[in-house]
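> I am attaching a structure below and will ask some questions about it afterwards.
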Amino acid sequence: MKKYRLLHPAGVRNDKIKRIPKITVDIIIEIDNGIILIERKNPPYGWAIPGGFVDYGESLESSAVREAKEETGLDIENLHQFHTYSQPGRDPRGHTISTVFIAKGKGIPKASDDAIDIGIFIKDNLPENLAFDHRQILEDYFKNRKIGTATIFDSQFKGVPKK
-11 MKKYRLLHPA GVRNDKIKRI PKITVDIIIE IDNGIILIER KNPPYGWAIP
39 GGFVDYGESL ESSAVREAKE ETGLDIENLH QFHTYSQPGR DPRGHTISTV
89 FIAKGKGIPK ASDDAIDIGI FIKDNLPENL AFDHRQILED YFKNRKIGTA
139 TIFDSQFKGV PKK
């Protein structure tokens, strides 16, 4: 009897599909002189920058707007890309590549979707239990941000803003 391997509709073996990194977005939402963090209700637990997986057929920007609204109840404006984080171990659920955005929040923050709590934080009062690599992302943000705008970095992300 001949053995057959299961193939994804695109013709890729299923065991290879599991090894393809997932694309995510995270949104640093600035509001009331601080930033929004959510407390996750699903594993991995902890406080996190709002964000999530990009849906098929969705742009990174559309995904950022959707995730911000779903998790925080906020509309966002002045959306700018900050940086992309791609370390294979950054998410314990598997290899993810996240593009981080900075935006201004409009409205009253409300925990929803997969958030059980929400808060506005400043650099000096970040929670200890930050999920994923979000402490590193926020360190980069606070080190390099400019008031009111995203900072544009060179392609090597040396931490030095372009002039």
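Residue numbering for the sequence shown follows this note's numbering, starting at -11 and increasing by one per position. The beta-carbon is built from N, C-alpha and C at its ideal position, and this holds for glycine as well. Quantities reported herein were computed from a predicted structural model and do not represent experimental measurements.
#1: Examine the Cβ distances between the region 109 to 124 and the region 45 to 61 and report whether three or more of them are shorter than 8 Å.
#2: How is the alpha helix (DSSP H) around N132 delimited, first residue to last?
#3: With DSSP as the reference, label E46 as helix, strand or coil.
#4: Looking at the structure shown, is D102 part of a helix, part of a strand, or coil, going by DSSP?
#5: So which of K131, A99, A103 and I104 has the shortest CA-CA distance to I110?
#6: Tell me which residues share the same chain as D79 and place their Cβ nearer than 7 Å to its Cβ, disregarding the 5 neighbours each side in the sequence.
#7: Using a threshold of 8 Å, state whether the C-beta atoms of L67 and F41 are closer than that.
#8: Alpha carbon to alpha carbon, how far is I8 from I15? Give it in angstroms, no decimals.
For this structure:
#1: no
#2: H122 to N132
#3: coil
#4: coil
#5: K131
#6: F120
#7: no
#8: 23 Å
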